[in-house]
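Below is one structure, written out as structure tokens; the observations come after it.
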Amino acid sequence: MSDTPVIGVLALQGDVREHLVALAAADAVARPVRRPEELAEVDGLVIPGGESTTISKLAVLFGLMEPLRARVRAGMPIYGTCAGMIMLADKILDPRSGQETLGGIDMIVRRNAFGRQNESFEAAVAIQGIEGAPVEGVFIRAPWVESVGARAEVLAEHDGHIVAVRQGTALATSFHPELTGDHRVHALFVDMVRANRTAGSL
Numbered sequence: 089m090s091d092t093p094v095i096g097v098l099a100l101q102g103d104v105r106e107h108l109v110a111l112a113a114a115d116a117v118a119r120p121v122r123r124p125e126e127l128a129e130v131d132g133l134v135i136p137g138g139e140s141t142t143i144s145k146l147a148v149l150f151g152l153m154e155p156l157r158a159r160v161r162a163g164m165p166i167y168g169t170c171a172g173m174i175m176l177a178d179k180i181l182d183p184r185s186g187q188e189t190l191g192g193i194d195m196i197v198r199r200n201a202f203g204r205q206n207e208s209f210e211a212a213v214a215i216q217g218i219e220g221a222p223v224e225g226v227f228i229r230a231p232w233v234e235s236v237g238a239r240a241e242v243l244a245e246h247d248g249h250i251v252a253v254r255q256g257t258a259l260a261t262s263f264h265p266e267l268t269g270d271h272r273v274h275a276l277f278v279d280m281v282r283a284n285r286t287a288g289s290l
């Protein structure tokens, strides 16, 4: 078995190309995923930012919601940025009508918590498990995590709010690391995928 993991990017909306570039820079084979058969071929998956309600509805429309939930329940590594974080939350404080999540992280998330599009900002974020200087986080209509359960591990906070969380093989950030050229968060996720493949082959 090759040591290079195959990681998909959910290509329904958002910064798909930027995530593909960042994953490739972090030594993964990166592929867009739009159909269940493409999902079945990857070792892990990134859910990019965008609009969480739209992503949810498109996932249902493309027949991906239930296969995604099944893979997450089975322990497939998954990483959500911004709207992707909302998709991985077990609960949303203020869901829109018809909005569904995949779940996977025992957390409660507030949508658009850091403000509207014109209130977007960048901030240095120190993340547990990532060495060196803080990561530059790009916050665009970003959510934050109101609270986490006992199974979830807080990796980073900004301005008193939780902005990065991990639970087992699931990782989520409020911000967009794919927009900065710093691929350390993606490298952390690639390492998670690689470790999961190794554990599964033992």
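The numbering of the sequence shown is this note's numbering, which starts it at 89 and goes up by one. Using N, Cα and C, we set each Cβ at its ideal position, and we do this for glycine too.
Of the listed residues 113, 288 and 101, nearest to residue 120 (C-alpha basis) | Looking up residue 120 in the sequence shown gives position 32. Cα-wise, what sits closest to residue 120 is 101.
Could you pull out every unbroken beta strand (DSSP E) segment of at least 3 residues lying fully inside the stretch 234-270, listed in chain order?
-> 241-246, 249-255 and 258-261
Endpoints, the beta strand (DSSP E) within which residue 120 is located = Working through the sequence shown from its first residue, we reach residue 120 at position 32. From DSSP, the beta strand (DSSP E) with residue 120 extends over 117-121.
Roughly how many angstroms separate the alpha carbons of residue 186 and residue 143, rounded to a whole number?
-> Translated into the one-based positions of the sequence shown, residue 186 becomes position 98. Translated into the one-based positions of the sequence shown, residue 143 becomes position 55. Roughly 12 Å separates the two Cα atoms.
May I ask you to list the residues that DSSP assigns as paired with residue 141?
-> Indexing the sequence shown from 1 puts residue 141 at position 53. Note: residue 141 sits in no beta bridge, so no partner.
Select from 247, 131 and 171 the residue whose C-alpha is nearest the C-alpha of residue 183.
-> The residue given as residue 183 occupies position 95 in the sequence shown. For residue 183, the nearest C-alpha among the options comes from 171.
So does residue 203 have its beta carbon nearer than 8 Å to some heavy atom of the ligand HEM?
-> For the ligand HEM, the structure offers nothing, since it holds no ligand at all.
To the nearest angstrom, how far is it from the Cα of residue 202 to the Cα of residue 111?
-> For the purposes of this step, residue 202 is identified with residue 114 of the sequence shown, where counting begins at 1. For the purposes of this step, residue 111 is identified with residue 23 of the sequence shown, where counting begins at 1. Their backbone Cα atoms lie some 27 Å apart in a straight line.
Where residue 227 falls: helix, strand or coil (DSSP) = By 1-based counting over the sequence shown, the position of residue 227 is 139. Note: residue 227 maps to strand in three-state DSSP.
Neighbourhood of residue 147 by C-beta, 7 Å cutoff - its chain only, sequence neighbours within 5 removed = In the sequence shown, residue 147 corresponds to position 59, counting from 1. Same-chain partners within the cutoff: 100, 153 and 156.
Since residue 195 contacts residue 128 with CB under 8 Å, what's their CB separation in whole angstroms?
-> As a working note, residue 195 is residue 107 in the sequence shown. As a working note, residue 128 is residue 40 in the sequence shown. Wrong, their Cβ atoms sit about 27 Å apart, outside the cutoff.
Contact under 9 Å by Cβ, residue 106 with residue 266 | Mapped onto the sequence shown, residue 106 falls at position 18. Mapped onto the sequence shown, residue 266 falls at position 178. It is a contact, given that the beta carbons lie within the stated cut-off.
Environment of residue 222 [buried if 16+ CB atoms lie within 10 Å] | As a working note, residue 222 is residue 134 in the sequence shown. Here residue 222 is exposed. Its C-beta has fewer than 16 other C-beta atoms within 10 Å.
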